[in-house]
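Once you know that position 217 of the sequence shown is 217 in this note's numbering, the rest is easy, because the numbers rise by one and skip nothing.
Ideal Cβ placement from N, Cα and C applies to all residues, glycine included.
Quantities reported herein were computed from a predicted structural model and do not represent experimental measurements.
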Amino acid sequence: NSTGYGGGGMYNSSSDPILTNCKFSRNSADDYGGGMDNRENSSPTLTNCTFSGNYADIGGGMCNVQNSPSLTNCAFSENSALYSGGMYNYESSPTLTGCIFSSNSAKSGGGMSSVRSSYFSPPLFKRWNLILTNCTFAQNSAQNGNALACDSYEQNWLSNVEIINCIIWDGGDEIWNNDGSTIMITYSNVQGGFPGEGNIDVDPLFAQPGYWADVNDPNIVIEPNDPNAVWIDGDYHLKSEAGRWDPNSESWVVDDVTSPCIDAGD
């Protein structure tokens, strides 16, 4: 699906839809929210939803303008945009729990970000609050803020970002705070490190990180800019000697190592 303005997959205005087990894939918008665009106090509740391969100039996966969406166990992968590959937030206060942002890309805010007001991984915020709990950011990319970017008009409209028990592992340069927003990260694993109680900087030992493969042979790893490149979704469960669930084989797997992130949260 595609649109000339916003919401290639779904456009919400003055409504609070509840969505469960939905997929938004390969949608596009010329301007805002390739997968979903939420406007005028629309605050949807999403559970177990996926946004993959969507594109827009701003907010490849989702765009939020003046609302407070709630997302639980949702996944954003391979979405792209000029600003905010995964999610863009403008004057919004999203709450995300147990969500995964992987292989999203943008000029600013790979996982969430934005421009004018604020970003976060890279999305943006303007005088609003973002709360992330038990979320994972992996292999997102951007020139500014692989995971999270905060900015605002003339750097005068600050945001409050609270990140708890999360893994932010995108190759470093995780957070871009261009306007002095308040970013509080605790009990999280941040590549390159970040000050905060209980934070660590160590390989999280994902079960199987995603990777770019040759479309003709998924066992061959290639560069993402190769014309034959296709993204292979990863399994971001953590390795455990006590055992973990493998969604591919649908079986219980016991590893020979345990992720340092297990039992490291608050």
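When D151, G110, N225, D179 are compared against W169, the one with the closest alpha-carbon
Residue G110 is the option with its Cα nearest to W169.
For F194, the three-state DSSP class (helix, strand or coil):
The answer is coil: DSSP assigns F194 none of H, G, I, E or B.
The stretch 174–192 in contact with the stretch 254–264 per 3-pair CB rule at 8 angstroms:
Between the stretch 174–192 and the stretch 254–264 there are three or more C-beta pairs closer than 8 angstroms, enough to call the two in contact.
Is the stretch 26–36 touching the stretch 59–67 in the sense that three or more CB pairs, one from each, lie closer than 8 angstroms?
Cβ pair count under 8 angstroms is three or more, so yes.
Who are the near neighbours of L132 in its chain, counting only those whose CB is closer than 6 angstroms to its CB and skipping five residues on each side?
Closer than 6 angstroms at Cβ, skipping near neighbours: L96, I163, C166.
Cβ of S108 within 8 angstroms of Cβ of G145?
Taking 8 angstroms as the Cβ cut-off, S108 and G145 qualify as a contacting pair.
Let me confirm a value: S121 is counted as buried when at least 16 other C-beta atoms fall within 10 Å, else exposed. Which label applies?
Bear in mind that a pLDDT of 40 at S121, under 50, signals an unreliable position, so the model cannot answer this.
T50 and K23 - do their beta-carbons sit closer together than 8 angstroms?
For the pair K23 and T50, the CB atoms are nearer than the 8 angstroms cut-off.
First through last residue of the beta strand (DSSP E) which encompasses E162
Boundaries of the beta strand (DSSP E) harbouring E162: 160–164, taken from the DSSP string.
Does the stretch 64–84 come within contact of the stretch 193–209, defined as at least 3 CB pairs closer than 8 angstroms?
By the C-beta criterion, the stretch 64–84 is judged not to be in contact with the stretch 193–209, since fewer than 3 inter-stretch pairs fall below 8 angstroms.
Is it buried or exposed for D57, if we count other Cβ within 10 angstroms and need 16 for buried?
Its Cβ being crowded by 16 or more others within 10 Å, D57 is buried.
Out of curiosity, what's the CA-to-CA distance linking E40 and S259?
Put simply, the backbone Cα of E40 is about 42 angstroms away from that of S259.
Distance between A213 and D246 (C-alpha atoms, nearest Å):
When rounded, the distance between both Cα atoms is 21 angstroms.
Please classify T258: does DSSP put it in a helix, a strand, or coil?
In the structure shown, T258 adopts coil according to DSSP, grouped into three states.
Cα-Cα separation, G143 to A242:
For the sequence presented, residue 143 should be read as Gln rather than Gly. Looking at the two C-alpha atoms, the distance is approximately 39 angstroms.
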